[in-house]
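Here the protein sequences line up with chains A and B, keeping their order.
In this text, residue positions in the first sequence follow this note's numbering: the first is 1, and each later residue adds one.
In this text, residue positions in the second sequence follow this note's numbering: the first is 302, and each later residue adds one.
A virtual CB, placed ideally from N, CA and C, is assigned to each residue, including glycine.
The structure appears right after this line, and notes come after that.
There are 2 protein chains.
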Amino acid sequence: MVSGTDGRGAEAGAYIAIDWGTTNRRAYLVAADGSAIDTMRDDRGVLAVAAGDYPAELAAIRARYGDLPVIAAGMVGSTRGWREAPYVPAPADAASLAAALLVIPEERCAIVPGLSLLAGPRADVMRGEEVQVLGAVAAGLAPADALFCQPGTHNKWVRTEGGRITGFATAMTGELFALVRDHGILAGMLDGPVADGEAFRAGVRRGAGAADLPVALFEVRAAVLLGRLAARDAAAHASGLLIGADVGAQALGGETVQLLADGTLAALYTAAIETLGGAARRIDSHAAFLAGIHQLQELRS
Amino acid sequence: MVSGTDGRGAEAGAYIAIDWGTTNRRAYLVAADGSAIDTMRDDRGVLAVAAGDYPAELAAIRARYGDLPVIAAGMVGSTRGWREAPYVPAPADAASLAAALLVIPEERCAIVPGLSLLAGPRADVMRGEEVQVLGAVAAGLAPADALFCQPGTHNKWVRTEGGRITGFATAMTGELFALVRDHGILAGMLDGPVADGEAFRAGVRRGAGAADLPVALFEVRAAVLLGRLAARDAAAHASGLLIGADVGAQALGGETVQLLADGTLAALYTAAIETLGGAARRIDSHAAFLAGIHQLQELRS
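Following this line, the structure appears as structure tokens:
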């Protein structure tokens, strides 16, 4: 047992919660009242763990935090992870998720299912983000009727009504930015800083509502070649285009967005949301995850 | 002199024309009347030729076609090519291009400048495609007032009025498809055939006019995971999304598009244009290039 956990892992009702994503994971030692006693983060995401190695991974975490029950959410429950926890169709709430936990009795581990959406022409899926959203509502960090934004490689927009998740959309914003920055005709032009500023906001305005995003992206190159855009502003402008398209598609119209983000992404999305007439409130995503997973752990017990 | 050219390269008024692009080039031995006597294509695009090697490249082509004047168009005139031929601002016609030829006297070579566009928020550039478009009009292959489409890695839409190029837009359609097929979350899901069919056309309809293209792309993954889209149709659907966004941004409304393409891309763009209410006429891009370059060679003389 490492210092800092102080033997409390053995308290009645304590457990281990894991937010187990594609490239990273974060484990929490959680007390019976839902408060975090300790946390650790590493790069042992599902892409780094072979299919047969999950029991050993759990044993290593228990060696640190104590021989406690485990509840895990995220890509660990996907076909690329440990075991597939079938999607729960939206609309869904914490009770729907708790009823569909995938329990692995011999490992004393439960895996939270993801959510699926089929609505008209739209199809979408998520794994992990739903815990943060439901937790934010449960903990009173956000209203029960709200629009959440979870920026990242794949940004999730999540609508809640009465505390239930009723709709969501995934935008490949971060992935597309990385692809055009690292490959193809814009590679080598997007090495400058990505930060809020006039170049970013001009990109946001150009990208928002644009039905010609593949044209807008090429304009970045042309604008630099023709001296209309400073080379050092090209990356911020291209980021603005993509985040502008992402935020603009939500047609906010003055709505307040519950932003589960921090750091640069929180600043960029806040600027884009405000540029397009909305408002953003930042929510601590770790606190939201803990509240959400604790709700599920209590429903499981 | 290779067989097939039969010494005719030495005829009065004959010359060598080169369509010199980023990854490939095509050279023509052209008779005084503008007809092609011979042609050769290889992968010695500007990315494969070091800055100092252009004289040797020309010497090799002249060893085959005769010691003739050369006129070259495309990326050879860019900062990545041999010498930079500054852009001519649109609107422009053949006379504008001929007046701005970059002549390299010691090499008896002229390089055709590209076109630039600055219009409101839009900035765009092209190098090489303008020769095909002006040639198509000059040769009577297309009307003087027309909308051209030149699919490829970077698809060009070109508007002509009275035989002048008055506007154009570049869409990174082919590049974006290659990026999402080869990298990121959709990689490995887009290995199926890309051909016209219901999956492609459904993609076209979803992508056309869509202000949420980064969402529509993620839907491909979700639709396959949820069994709504067959895995073998995913590539055709994703291609449809991007080509649909590209064509849809032109808001055709029944207009006939002059399509400078052949093979698979011609079939896909024709299907997308027709799905979105337009009509497509195919034009031989080699014949169009020859007509355009001959017009410039005559104006140069």
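Proximal residues of chain B, C-beta to C-beta of residue i below 8 Å
i        : result
Leu118/A : Leu527, Arg529
N-terminal and C-terminal residue of the beta strand (DSSP E) that residue i is part of
i        : result
Leu419/B : 416 to 420
Arg221/A : First-last for Arg221/A: 213 to 225, but that is the alpha helix (DSSP H), not the beta strand (DSSP E).
Arg282/A : 279 to 283
Ile338/B : 337 to 343
Gly375/B : 371 to 375
Ile412/B : 410 to 412
Ala567/B : Per DSSP, Ala567/B belongs to no beta strand (DSSP E); it is in the alpha helix (DSSP H), 564 to 576.
Tyr388/B : Segment: none, Tyr388/B is in no beta strand (DSSP E) and carries neither H nor E.
Arg25/A  : 25 to 30
Ala146/A : 146 to 150
Where residue i meets chain A, residues with beta-carbon distance less than 7 Å
i        : result
Glu520/B : Arg122, Ala123, Asp124
Exposure of residue i, with buried meaning 16 or more beta-carbon neighbours within 10 Å
i        : result
Glu430/B : buried
Thr23/A  : exposed
Leu299/A : exposed
Pro515/B : buried
Met1/A   : Confidence is the limiting factor: at Met1/A the pLDDT is only 37, short of 50, which leaves the residue's position unreliable, though a coordinate-based value still follows. Exposed: under 16 other Cβ atoms inside 10 Å.
Gly310/B : Only weak support is given to the placement of Gly310/B: the predicted model assigns it a pLDDT of 43, under 50, and the value that follows is read from those uncertain coordinates. Burial call: buried.
Tyr87/A  : buried
Asp320/B : buried
Thr173/A : buried
Asp182/A : exposed
Leu348/B : exposed
Gly305/B : Low local confidence applies: a pLDDT of 41 at Gly305/B is under 50, so the model's placement there is unreliable, with the coordinate-based value given in what follows. Gly305/B comes out exposed.
Ala63/A  : exposed
Ala231/A : exposed
Gly7/A   : Because the pLDDT at Gly7/A is just 45, under 50, the model does not fix this residue reliably, and the value given afterwards should be weighed accordingly. Exposed.
Glu556/B : exposed
Ala99/A  : exposed
Whether residue i touches residue j by CB criterion (7 Å)
i        : j        : result
Arg460/B : Gly453/B : no
Asp425/B : Ala222/A : yes
Phe108/A : Gly74/A  : The residue you asked about is not Phe; residue 108/A is Arg in the sequence shown. Their beta carbons are not under 7 Å apart, which means Arg108/A does not touch Gly74/A by this criterion.
Arg164/A : Pro91/A  : yes
Leu403/B : Tyr366/B : no
Val481/B : Ser540/B : no
Cys450/B : Leu530/B : no
Gly508/B : Ala517/B : yes
Ala333/B : Ala318/B : no
Ile293/A : Ala136/A : no
Ala119/A : Ile71/A  : no
Met341/B : Ala361/B : no
Asp233/A : Ala199/A : yes
Asp191/A : Ala267/A : no
Leu141/A : Ala280/A : no
Thr275/A : Val204/A : yes
Ala439/B : Asn456/B : no
Neighbour list for residue i in chain A, Cβ cutoff strictly below 9 Å
i        : result
His484/B : Glu175, Ala178, Leu179, Asp182, His183
His595/B : Neighbours of His595/B on chain A: none; closest Cβ ~28 Å, over 9 Å.
Any non-hydrogen atom of the ligand NAP closer than 6 Å to residue i Cβ
i        : result
Leu252/A : In the structure on display, the ligand NAP does not appear, and there are no ligands present to speak of.
Interface partners of residue i on chain B, CB under 9 Å
i        : result
Leu242/A : Pro515
Interface residues of chain A facing residue i [CB-CB closer than 8 Å]
i        : result
Ala546/B : Ala211, Asp212, Leu213, Pro214
His455/B : Ile185, Phe218
Interface residues of chain B facing residue i [CB-CB closer than 7 Å]
i        : result
Leu90/A  : Position check: residue 90/A holds Ala in this sequence, whereas Leu was assumed. Within 7 Å Cβ-Cβ: nothing; Ala90/A doesn't reach chain B, min ~12 Å.
Ala223/A : Ala424
Range of the contiguous alpha helix (DSSP H) that encloses residue i
i        : result
Glu462/B : Careful: Glu462/B lies outside any alpha helix (DSSP H), inside the beta strand (DSSP E) at 456 to 462.
Val481/B : 474 to 483
Ala364/B : 355 to 366
Ile319/B : Premise fails: Ile319/B lies in the beta strand (DSSP E), 316 to 321, not in any alpha helix (DSSP H).
Val347/B : Looking at the DSSP string, Val347/B is not in any alpha helix (DSSP H), and its letter there is neither H nor E.
Val495/B : It is not in any alpha helix (DSSP H) - Val495/B carries neither H nor E in the DSSP assignment.
Ala400/B : 395 to 400
Asp547/B : 535 to 549
Thr557/B : Thr557/B -> not in any alpha helix (DSSP H); beta strand (DSSP E) instead, spanning 557 to 561.
Ala437/B : 430 to 439
| Mind listing which residues of the region 166 to 177 of chain A have their C-beta closer than 8 Å to chain B's C-betas, in chain order? | Per Cβ criterion, the list reads Ala169, Thr170, Ala171, Met172, Thr173, Glu175, Leu176.
| message | To be precise: take each residue of the region 492 to 522 of chain B, compare its Cβ to all Cβ atoms of chain A, and keep it if any distance is under 7 Å. Which residues remain? | response | From the region 492 to 522 of chain B, only Arg507, Gly510, Ala511, Ala512, Asp513, Leu514, Pro515, Val516, Leu518, Phe519, Glu520 have a Cβ closer than 7 Å to chain A.
| Quick one, which residues of the region 341 to 356 of chain B are near chain A if we go by CB-CB under 9 Å, in chain order? | Result list empty, no residue passes.
| said: If the cut-off is 7 Å on Cβ atoms, which residues from the region 249 to 271 of chain A count as contacting chain B, listed in chain order? | reply: Listed by position along the chain: Ala249.
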